[in-house]
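Counting in the numbering used here, the sequence shown runs from 336 upward without gaps.
Even for Gly, the Cβ is constructed at its ideal location relative to N, Cα and C.
This one's a predicted model, so the numbers in the text were calculated from it and none came from an experiment.
Data first, discussion second: the structure below is written as structure tokens.
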Amino acid sequence: MSASAEEVLARLSTKMPVHISSTATLVTDTDKAAAAIDRQRARKKKDEKEPSSRKPDLGALRGADRQDLVATPWALLGVFARATTLARQGRGRGLAEHWQGLKYCQALATGPGDHLALTDEGQSPELSYRAMQARELGRAFGLAVAERTVRNRFPDHMISTLDAEAILLAGFARSGPRPSLGARPRPDFFIEAWRPGEPSRVFAVTVNGNHQKATKRTAKADRSVFKQLARGSERAEHFHLAEWNTTPCLLMSTELLALEGITVNALQAPGEGLLPVRSAAGSGSADAVLSERNPTYVGAVKVPAGAGRRERIQDGFLIPRKDLGWYGQLLARTGAAGQLAFAGAGTEISQYLTDKQGHKHYEQQTFAGSSSVRDARHKIGPMVYVGTDQVFRLNRVRVEAFSGIAEELYELLVKGQVEEYRNRAYDLRDTYPTSTTAPLWGPVSFGDDGTVMALRVLPKKDDEESP
């Protein structure tokens with residue numbers, strides 16, 4: 336018997352632990368998987384003499400980063416929603432894309448050892464839907480672990496998670512009727528740890544998920560998680576700030592059907608990922624429209640000799656040292672666009688995006704929330720939020736979903752005042768609730784950046800009342 340809407344919402348607001356696996360053995364198994372991938376490619380392409388380029392110095396997470404992640408399912412879906420607001424899935428975008436996480440409301444519950452796991456419904460999606468579920472839930476869990484890791488390292492900083500494609504389009508898009516990055520390998524997301532008036536830190540992040548039911552009899556060469564981490568290492572190696580191997584990365588692979596419950600396998604690679612301090616005003620500030628940049632991709636990265644290898648040149652998304660300030664502006668402005676899109680803003684989003692990123696696309700109101708523009712205002716806890724909402728049915732019960740941002744921050748972004756927005760967001764970061772529910776609402780996910788995502792059951796209409 337399926338759970339009632341009230342039971343589903345109660346589950347979504349209940350904190351549960353998620354397993355984290357990050358060990359030296361995981362590094363070894365990933366290296367073995369990488370070697371097997373190289374051998375397989377060599378058999379197919381006999382002219383390939385060198386193995387694929389991957390992030391060197393992979394290691395396990397350390398200390399508190401390796402502890403179980405304790406969160407509500409709704410908070411995890413909130414991480415996914417905030418990070419993918421600007422992800423481009425075609426110009427015919429609609430409500431389903433703005434609210435991607437809603438389809439997983441009934442997919443998560445308590446499992447073995449009271450850890451988070453997939454429900455029966457979550458374990459039996461349509462075959463054509465499994466890959467999407469693995470990809471999207473893999474992102475939700477992987478990004479939540481990655482964000483916690485960055486917060487642990489920079490506890491006095493704000494965290495912004497940005498879709499890598501949306502960022503890289505600004506400088507590396509191929510020409511054509513619709514700019515794209517083609518099939519070039521790249522990270523999935525960037526996480527910026529920032530604090531007004533100080534240098535930012537940038538992490539490249541790759542995230543994957545799988546439905547493999549691995550047992551003791553499953554050969555390591557057949558383990559999806561090891562292969563996903565190995566391929567994630569390849570993608571992370573294709574992005575560099577200033578020079579080769581100075582950008583830290585986090586690699587995540589989520590096993591949705593692990594025996595002990597959903598498990599996030601995590602690895603890291605070191606680096607500073609440092610951006611210069613940005614001026615608060617003028618052409619170098621985030622308030623200024625971005626100037627055009629076209630960094631080289633082919634043969635852009637110089638890899639020094641070492642470990643028995645000669646110096647070589649490889650393709651990659653390299654942000655030259657002279658453009659690091661521009662890249663910082665790009666992160667801040669694209670992040671502002673994402674915040675507005677999350678709140679269902681209209682054409683105001685386009686002011687922050689370049690033509691290659693989709694300036695005209697948003698200017699024409701064909702973005703994700705085009706059918707639910709910012710027209711909702713709620714006081715949740717002590718704060719007034721403005722945003723957008725959607726009503727859908729959960730087991731025949733009408734449920735409202737709301738996403739928004741603190742009204743004061745929204746007004747600053749609409750006016751194009753990114754630097755002031757960042758100052759205020761930082762000042763207010765500790766004033767938002769941390770509860771998992773709120774009066775008159777069911778599950779609520781509060782962000783320290785002033786965003787909120789909430790659900791509640793709506794009163795029945797007269798024509799729905801029992802006779």
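- [ ] Identify which residue in 590, 447, 490 and 522 has its Cα closest to the Cα of residue 356.
- [x] Here residue 356 is taken as the residue at index 21 of the sequence shown, counted from 1. Of the candidates 590, 447, 490 and 522, 590 places its Cα closest to the Cα of residue 356.
Open item on the list: Rounded to whole angstroms, what is the Cα-Cα separation between residue 649 and residue 570?
Closed with: Translated into positions along the sequence shown, residue 649 becomes position 314. Translated into positions along the sequence shown, residue 570 becomes position 235. In a straight line, the C-alpha of residue 649 is about 13 Å away from that of residue 570.
Task: Opening and closing residue of the beta strand (DSSP E) in which residue 539 lies - done: Residue numbering aside, residue 539 sits at position 204 when the sequence shown is read from its first letter. From DSSP, the beta strand (DSSP E) with residue 539 extends over 536 to 545.
TODO: Output the residue ranges of the alpha helix (DSSP H) runs that lie fully inside the stretch 338 to 397 and measure 4 residues or longer, sorted by chain position.
DONE: Look at the stretch 338 to 397 and you find these whole runs of alpha helix (DSSP H), each 4 residues long or longer: 340 to 347 and 359 to 379.
Open item on the list: For residue 841, tell me which candidate among 759, 401 and 340 has the shortest Cα-Cα distance.
Closed with: No statement about residue 841 is possible, as the shown extent of the chain runs from 336 to 802 and does not include it.
Open item on the list: Is it the case that the stretch 491 to 510 contacts the stretch 728 to 740, given that we only count it when at least three CB pairs across the two stretches are under 8 Å?
Closed with: No: fewer than three Cβ pairs fall under 8 Å.
Task: N-terminal and C-terminal residue of the beta strand (DSSP E) that residue 722 is part of - done: Locating residue 722 in the sequence shown gives position 387, where the first residue counts as 1. Segment 718 to 729, the beta strand (DSSP E) holding residue 722.
Task: Within the stretch 746 to 795, ranges of the alpha helix (DSSP H) (whole runs, at least 4 residues) - done: Secondary structure within the stretch 746 to 795: the alpha helix (DSSP H) runs of 4 or more consecutive residues, fully enclosed, are 753 to 763 (chain order).
TODO: Quick one: grab the DSSP three-state call for residue 410.
DONE: Here the question's residue 410 lines up with position 75 in the sequence shown. Residue 410 falls in the helix class under three-state DSSP.
Task: Endpoints, beta strand (DSSP E) assigned at residue 603 - done: Residue mapping note: residue 603 aligns to position 268 of the sequence shown, counting from 1. Taken as a continuous stretch (DSSP letters only), the beta strand (DSSP E) holding residue 603 covers 598 to 604.
TODO: Name, in chain order, the residues that DSSP records as bridge partners for residue 652.
DONE: Stepping through the sequence shown from its first residue, residue 652 is reached at position 317. 574, per the DSSP bridge assignment.
Task: Beta bridge counterpart(s) of residue 566 as assigned by DSSP - done: Counting from 1 along the sequence shown, the entry for residue 566 is found at position 231. According to DSSP, which records beta bridges pairwise, residue 566 is partnered with nothing at all.
Task: Where the beta strand (DSSP E) through residue 498 begins and ends - done: Within the sequence shown, numbered from 1, the residue matching residue 498 stands at position 163. First-last of the beta strand (DSSP E) with residue 498: 493 to 498.
Task: Same chain, Cβ closer than 7 Å to residue 339, neighbours up to 5 away in sequence not counted - done: Translated into positions along the sequence shown, residue 339 becomes position 4. Taking residue 339 as the centre and dropping the five residues before and after it, the same chain places the C-beta of 730 closer than 7 Å to its C-beta, in chain order.
Open item on the list: By the DSSP assignment, the beta strand (DSSP E) with residue 451 in it spans what residues?
Closed with: Your numbering for residue 451 matches position 116 in the sequence shown. For residue 451, the enclosing beta strand (DSSP E) starts and ends at 451 to 453.
Task: Validate contact between the stretch 593 to 607 and the stretch 360 to 378 using beta carbons, cut 8 Å, 3 pairs - done: Contact holds: three or more Cβ-Cβ distances are below 8 Å.
Open item on the list: Going by C-alpha to C-alpha distance, which of 499, 528, 457 and 529 sits closest to residue 515?
Closed with: For the purposes of this step, residue 515 is taken as the residue at position 180 of the sequence shown. Here the closest residue by C-alpha is 499.
Open item on the list: Going by DSSP, what residue range makes up the beta strand (DSSP E) through residue 668?
Closed with: Position 333 of the sequence shown, counted from the start, is the residue given in the question as residue 668. Residue 668 -> not in any beta strand (DSSP E); alpha helix (DSSP H) instead, spanning 659 to 677.
Open item on the list: Give me, in chain order, the residues of the same chain whose beta-carbon lies closer than 7 Å to that of residue 407; leave out the 5 immediate sequence neighbours on both sides.
Closed with: Locating residue 407 in the sequence shown gives position 72, where the first residue counts as 1. Around residue 407, the same chain offers 347, 348, 349, 350, 771 and 778 as residues with beta carbons nearer than 7 Å, after the five sequence neighbours per side are excluded.
TODO: For residue 713, write down the residues that DSSP places opposite it in a beta bridge.
DONE: Here residue 713 is taken as the residue at index 378 of the sequence shown, counted from 1. Note: residue 713 sits in a beta bridge opposite 720.
Open item on the list: Determine whether the beta carbon atoms of residue 469 and residue 453 lie at a separation below 8 Å.
Closed with: Translated into positions along the sequence shown, residue 469 becomes position 134. Translated into positions along the sequence shown, residue 453 becomes position 118. The Cβ-Cβ distance between residue 469 and residue 453 does not fall below 8 Å.
Open item on the list: Going by DSSP, what residue range makes up the beta strand (DSSP E) through residue 732?
Closed with: As a position in the sequence shown, residue 732 is number 397, starting the count at 1. Residues 732 to 741.
Open item on the list: In the DSSP assignment, the beta strand (DSSP E) including residue 438 goes from what residue to what residue?
Closed with: By one-based count along the sequence shown, residue 438 stands at place 103. Secondary structure note for residue 438: it is in no beta strand (DSSP E), with a DSSP letter that is neither H nor E.
Open item on the list: Pull the bridge partners of residue 405 from the DSSP assignment, please.
Closed with: Start at 1 with the first residue of the sequence shown, and residue 405 comes out as number 70. When DSSP reads this structure, residue 405 sits in a beta bridge with 352.
TODO: Report the option in 714, 481, 488 and 471 whose CA atom is closest to the CA atom of residue 416.
DONE: Your numbering for residue 416 matches position 81 in the sequence shown. Among 714, 481, 488 and 471, the Cα nearest to that of residue 416 is on 471.
TODO: Could you give the DSSP three-state label for residue 682: helix, strand or coil?
DONE: Along the sequence shown, read from residue 1 onward, the residue named residue 682 stands at position 347. Per DSSP, reduced to three states, the secondary structure at residue 682 is helical.
TODO: Would you check if the distance between the CB atom of residue 754 and the CB atom of residue 626 is smaller than 8 Å?
DONE: To locate residue 754, count along the sequence shown from 1; it is residue 419. To locate residue 626, count along the sequence shown from 1; it is residue 291. No. Outside cutoff.
TODO: Report the rounded CA-to-CA distance for residue 784 versus residue 532, giving the unit in angstroms.
DONE: Mapped onto the sequence shown, residue 784 falls at position 449. Mapped onto the sequence shown, residue 532 falls at position 197. Distance from the CA atom of residue 784 to the CA atom of residue 532, rounded to whole angstroms, is 17 Å.
TODO: Using three-state DSSP, classify residue 814 as helix, strand or coil.
DONE: Since the first residue of the chain shown is 336 and the last is 802, residue 814 is not available in this structure.
- [ ] Grab me the residues of residue 444's own chain with a C-beta within less than 6 Å of its C-beta, minus the 5 sequence neighbours each way, in chain order.
- [x] Within the sequence shown, the letter at position 109 stands for residue 444. 346 and 454, listed in sequence order.
Task: With 16 other Cβ atoms within 10 Å as the buried cut-off, status of residue 612 - done: In the sequence shown, the residue the question calls residue 612 occupies position 277. Counting C-beta atoms within 10 angstroms of its own C-beta, residue 612 has fewer than 16 neighbours from the protein chains shown and is therefore classed as exposed.
Task: Residues bridged to residue 527 (per DSSP) - done: Position 192 of the sequence shown holds residue 527. Within the DSSP bridge table, the entry for residue 527 names 495 and 537 as partners.
Open item on the list: With H, G and I counted as helix, E and B as strand and the rest as coil, what does DSSP make of residue 555?
Closed with: On the sequence shown, position 220 is the one that residue 555 refers to. Secondary structure at residue 555: helix, using DSSP grouped into helix, strand and coil.
Open item on the list: With three or more beta-carbon pairs closer than 8 Å as the criterion, would you say the stretch 656 to 665 touches the stretch 574 to 586?
Closed with: Yes, the stretch 656 to 665 touches the stretch 574 to 586.
Open item on the list: Just verifying my parser: in three-state terms, what is the DSSP assignment at residue 612?
Closed with: Residue numbering aside, residue 612 sits at position 277 when the sequence shown is read from its first letter. It is coil, neither helix nor strand.
TODO: Out of 552, 641, 782 and 372, point me to the one whose CA is closest to residue 566's CA.
DONE: The residue given as residue 566 occupies position 231 in the sequence shown. Of 552, 641, 782 and 372, the residue nearest in Cα terms is 372.
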